[in-house]
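Q:
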Amino acid sequence: MLDVSCAALLREPLAAYSGEPPHVAALTEQWVLHEPAGEQWQVAVVGAANATGWPTAPLVAALRRRCPAGMIVVASSDAVVQSTVADFARAGADRVVTITTDAHVQRVLELARRRVLAPAPAATLLRLQSLVAPWGVLALATHCVRNSSFHWGIQRLAEFFGRTPQALNAELRRHDLPSIGLLQRYGLALHAQELEERGISGRSEIAFRLGLPDSKSLQARRRRIEQSQLHTVLAERGRQTDRQTGRERERDRRLAAR
9 MLDVSCAALL REPLAAYSGE PPHVAALTEQ WVLHEPAGEQ WQVAVVGAAN ATGWPTAPLV
69 AALRRRCPAG MIVVASSDAV VQSTVADFAR AGADRVVTIT TDAHVQRVLE LARRRVLAPA
129 PAATLLRLQS LVAPWGVLAL ATHCVRNSSF HWGIQRLAEF FGRTPQALNA ELRRHDLPSI
189 GLLQRYGLAL HAQELEERGI SGRSEIAFRL GLPDSKSLQA RRRRIEQSQL HTVLAERGRQ
249 TDRQTGRERE RDRRLAAR
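For the record, in the sequence shown the residue sitting at position 156 is 164 according to the numbering used here, with numbers rising by one throughout.
1. Return the CA-CA distance between L148 and N177, expressed in angstroms with no decimal places.
2. Just the Cα atoms here: how many angstroms apart are S85 and D110?
3. Spatial neighbours of S91 within its chain, please: CB distance less than 7 Å, with the 5 preceding and 5 following residues excluded, ordered by chain position.
4. Is DSSP giving R103 helix, strand or coil here?
5. Just to confirm the assignment, what range does the beta strand (DSSP E) spanning S138 have?
6. Does the distance from the C-beta atom of R154 to that of A128 stay below 7 Å?
7. According to DSSP, is S236 part of a helix, a strand, or is it coil?
8. Please work out which residues of its chain come closer than 6 Å, Cβ to Cβ, to L185, disregarding the five sequence neighbours upstream and downstream, and give them in chain order.
9. Return helix, strand or coil for A69, following the three-state DSSP convention.
10. Measuring alpha carbon to alpha carbon, tell me which of A130, F168, L134, H159 ends up nearest L203.
11. Given a cut-off of 7 Å, decide if V40 and L71 are closer than it, judged by their beta-carbon atoms.
12. Mind checking if A65 is an interface residue toward chain D, Cβ cutoff 7 Å exclusive?
13. Throw me the rounded Cβ distance for the Q201 and R211 pair, which I believe falls under 8 Å.
14. Taking buried to mean at least 16 other C-beta atoms within 10 Å of its own C-beta, is D222 buried or exposed?
15. Whose CA, out of E213, P173, L136, E167, lies closest to the CA of R194?
16. Output the residue ranges of the alpha helix (DSSP H) runs that lie fully inside the segment 87–131 and measure 4 residues or longer, sorted by chain position.
17. With a threshold of 16 other CB atoms inside 10 Å of the CB of L220, please say whether the residue is buried or exposed.
18. My assumption, with CB atoms under 8 Å, is that H199 sits in contact with S138. Please give the rounded CB distance.
19. Looking at V81: is its Cβ nearer than 7 Å to the Cβ of V124?
20. Just checking my contact of A126 with L218 at CB under 8 Å: how many whole Å lie between their CB atoms?
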């Protein structure tokens, strides 16, 4: 899915890559609200600024709420200052790319190719995103899981979010979420499981799609990861969310009865 603001740069390369023209739309928050509820997409490329020149972080957040597993690439023809990059990250973007050369266009195509090869674990991301926590914290947690097949180091992730690694992990701990490293490792195992559920059964093929050197590396990583730990965390945090929602509903009922 391609924002009309990026169409001139990316429509033809994306069409040549996929063999069919990309879906182009004037992406706005209102457009997202009227998008069919079941509509899903694997990659969305969004302009960094709207028609009035304001950053599109609110649009990115709206797209992310609608589709937790899709990749959102923010594209700009001008350099984006670091503070604005962090705003996009905490809104739910996966990448912010400055497009001034053909090499930058190829980078966007490569991101799209890798996401199509290794779709993100949608069900887990939906559960993560539904927890009670500040949106920026959920954006961080889901980014770790959704992009685990890209093997970002913690320092690169910290730079993207505009914080130190220590500050990001402290923020996750405050909301009873696993560390960045654990979320990334869990995410890789969940990516492998997602591929298996989609009929990709060869270990070497799964390892290739996840950016791992060989099937032995994949097996070793999966042995070290106990997926149930993440599921246990999500289940407990889900129960906390349900309890909090129940308390809020009871409070609202009492206020309405006065």
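Ideal Cβ placement from N, Cα and C applies to all residues, glycine included.
A: The short version:
1. So the two alpha carbons sit approximately 10 Å from each other.
2. 12 Å
3. Cβ-Cβ distances below 7 Å link S91 to G170 in the same chain, with the five nearest sequence neighbours on each side left out; the list follows chain order.
4. strand
5. It is not in any beta strand (DSSP E) - S138 carries neither H nor E in the DSSP assignment.
6. yes
7. With a pLDDT of 47 at S236, under the threshold of 50, the modelled position of that residue is not reliable, and the figure given next carries that caveat. DSSP, reduced to helix, strand and coil, places S236 within a helical segment of the structure shown.
8. A149
9. helix
10. A130
11. yes
12. No chain D is present in this structure, which holds just one protein chain.
13. Beta-carbon to beta-carbon, Q201 and R211 are separated by about 13 Å, too far to satisfy the 8 Å threshold.
14. With fewer than 16 Cβ atoms within 10 Å of its Cβ, D222 is classed as exposed.
15. Here residue 194 turns out to be Tyr, not Arg, going by the sequence shown. Cα-wise, what sits closest to Y194 is L136.
16. 90–99, 110–125
17. buried
18. Rounded, the Cβ-Cβ distance is 20 Å, inconsistent with contact.
19. no
20. With a contact defined as Cβ atoms closer than 8 Å, A126 and L218 qualify at about 6 Å.
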